[in-house]
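Numbering (our numbering), first residue to last: 12 to 605.
First the structure, in the form of structure tokens, and then the observations on it.
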């Protein structure tokens, strides 16, 4: 316990010492500050005393008594200043010009300009193809003994003239079953030429045709005829033509196309037809519209074995043609005067054609109104039906009005289409019926009858062409005839359809195919009733004719072909009592001699 007390004492003693030493340090710092202040005041007083002493010393002294002498060998001199005596002045850069008399002396200038010739552009890799002067095509059909030959000769490329000639022969000499001798012969010859004269071209041609048929539509079990000439009929045509056509590029001038033609048609039964036709087409621009004027003078002389008929038709057809960016319109009128036999009639027909491009030639609706006088001549009737009686009853067809409309366009660069509908009213529309009043009593000739008829027609076609490789066309029509007096529209099919295609394989092999369909038609035939013969309509079934062919081009100068006709081998009737050939074929070649 005594030890603890000692420690305590020692600690308290240390505490008392420490506290005393801290008080002594503070006192020393305060005394130090008092000494610094005394020194500062003493220094300030000393500075004030020195300032006063210096000031007094300068006041009592004289500055003029102070002299200083400096010695030096340098003698300073000042150079005289040279001043410019010229006064500054402003000089004007624009000089005044004295009065000068003005005058213009004109002299013609003749520039020396030398025209440098420009070489004509030449198409690369497209040279003109070589033209040949002649072509021969010949073939033979062994089934019906059918020889075929065709020959062309013409000029090549010439700047001032074109000319050429053409001849064709096609015949058959076989006998069809249960009918008379059905041989035929078709011969055609043509010579043509064209001359270019400045802004005009003059062309001419001469045609000759000789077509031989036989009235073979009779029953051989009743009429046993062995003489072929007894049923022979021959149509022979001579036809010269002239044409003068202008080629003005100036729209203010009147372009014209004048055509003059004549033909003489004869048969073996003293029927003859002569025709002289003058057709003139004029057109020029009035403002922005194109004015057309068509003038027709058409004279016919029909010589029948027992009568002669003259017919003169004069027509005047002025119309305007206007075009816009997307539309086109024709507006006009046709006046026709028909001096037939001993009577004259005048007809007026409207002419209106309008179409509008709805979208980039893909959709083009069109509509129109028309009419016209149609000549039924010996030539037109025999071309349609070669088995008519030479004692033809003539009458012209008066198409009073024909309203039509449709839609056409291009579906693509290779495909186009056309769909249309029309309705017409006809006076004296022609029909063919068997002439049971013929003196031969073979009932194998047709006569022409006429009736007022309305006709509704719905048609359309689609065409596809891919370069020169593929060609395809499909077209069809539906007909609805309503004759006024006749019970049926005799030998007028109610529809027709055509499908044709060509495939070109590298211009080496060409394949062809055709399908022709003719709808049902009515014929007026004689049937035996209980007591006598009466005339009644008879339905002729539709016709389907399928043909295919191929051509192999061995070279540019030589080729071979083969064709197969009526592949279905059907015996169909286009005209009552006149059956057609069944399946037949032909082999042949094409040759370029020079």
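In this text, a Cβ means the ideal position worked out from N, Cα and C, and glycines have one as well.
For clarity, every value in this text was computed on a predicted model and none was experimentally measured.
Residue i, buried or exposed, once every other Cβ within 10 Å from all chains shown has been counted against 16
i           : result
residue 347 : buried
residue 238 : exposed
residue 159 : buried
residue 72  : Annotation note: pLDDT 47 at residue 72 (below 50); position unreliable, coordinate value reported separately. That one is exposed.
residue 21  : At residue 21, the pLDDT of 41 sits below 50, so the modelled position is not reliable; the number obtained from the coordinates is stated separately. Exposed, by the Cβ-count rule.
residue 460 : buried
residue 132 : exposed
residue 74  : With a pLDDT of 48 at residue 74, under the threshold of 50, the predicted position of this residue should be treated as unreliable, though the coordinate-derived value follows. Answer is exposed; the Cβ neighbour count stays below 16.
residue 590 : buried
residue 404 : exposed
residue 454 : buried
residue 355 : exposed
residue 494 : buried
residue 70  : Any reading at residue 70 needs caution, since the residue's pLDDT is 49, under 50, leaving its predicted position unreliable; the model's value is listed next. So residue 70 ends up on the exposed side.
residue 533 : buried
residue 500 : buried
residue 550 : exposed
residue 111 : exposed
residue 11  : Nothing can be reported for residue 11, as the shown portion of the chain is limited to 12 through 605.
residue 316 : exposed
residue 375 : buried
residue 244 : buried
residue 24  : Legend: pLDDT at residue 24 = 42, less than 50; position of this residue unreliable, value from coordinates given subsequently. Exposed: under 16 other Cβ atoms inside 10 Å.
residue 115 : exposed
residue 265 : exposed
residue 444 : buried
Chain-order list of residues whose beta-carbon lies under 6 Å from that of residue i (same chain, five-residue window excluded)
i           : result
residue 511 : 484 and 525
residue 575 : 559 and 596
residue 427 : 421 and 474
residue 467 : 434 and 491
residue 181 : 159 and 197
residue 166 : 173 and 174
residue 321 : 312
residue 449 : 456
residue 190 : 227
residue 585 : none
residue 360 : 345, 382 and 383
residue 16  : Note that residue 16 scores a pLDDT of 35, beneath 50, so its modelled location is shaky and nothing firm can be said.
Bridge partners - residue i, DSSP secondary structure assignment
i           : result
residue 251 : 217
residue 502 : Answer by DSSP bridge pairing: none, since residue 502 is not bridged.
residue 285 : 275 and 312
residue 334 : 339
residue 432 : 416 and 469
residue 507 : 488 and 529
residue 599 : 150 and 572
residue 380 : 363 and 414
residue 442 : 460
residue 534 : 549
residue 270 : 254 and 290
residue 244 : 224
residue 512 : 483 and 524
Nearest to residue i (by Cα), restricted to the options the options
i           : options               : result
residue 211 : 110, 259, 385 and 331 : 259
residue 398 : 242, 100, 563 and 570 : 242
residue 185 : 280, 592 and 588      : 592
residue 251 : 275, 261 and 155      : 275
residue 438 : 452, 282, 46 and 383  : 383
residue 214 : 246, 171, 248 and 194 : 171
residue 601 : 288, 339, 583 and 161 : 161
residue 394 : 341, 248 and 306      : 248
residue 2   : 588, 570 and 57       : It is not possible to answer for residue 2, since the shown part of the chain is limited to 12 through 605.
residue 401 : 464, 282 and 487      : 282
residue 279 : 445, 221 and 446      : 221
residue 486 : 496, 40, 497 and 470  : 470
residue 156 : 603, 464, 604 and 594 : 594
residue 289 : 298, 272 and 297      : 272
residue 140 : 498, 567, 587 and 580 : 567
Own chain partners of residue i with C-beta closer than 8 Å, once the 5 adjacent residues on each side are dropped
i           : result
residue 372 : 420 and 421
residue 32  : In this prediction, residue 32 scores a pLDDT of 44, lower than 50, which makes its location untrustworthy; the coordinate-derived value is nonetheless stated afterwards. Excluding residues within five positions, none has a Cβ falling inside 8 Å.
residue 481 : 475, 512, 513, 514 and 515
residue 520 : 561, 562, 563 and 564
Own chain partners of residue i with C-beta closer than 7 Å, once the 5 adjacent residues on each side are dropped
i           : result
residue 527 : 509 and 556
residue 192 : 186, 225, 227, 239 and 242
Residue i CB to nearest heavy atom of the ligand GTP below 7 Å
i           : result
residue 564 : In terms of ligand content, the structure shown is empty, and the ligand GTP therefore cannot be addressed.
8 Å Cβ cutoff, residue i in contact with chain C
i           : result
residue 205 : Annotation note: the requested chain C is absent from the structure, which comprises a single protein chain.
Going residue by residue through the segment 153–209, where are the continuous beta strand (DSSP E) segments of at least 3 residues, counting only ones entirely within it? 157–165, 172–183 and 195–208
In chain order, which alpha helix (DSSP H) runs of at least 4 residues are fully inside the segment 551–594? none
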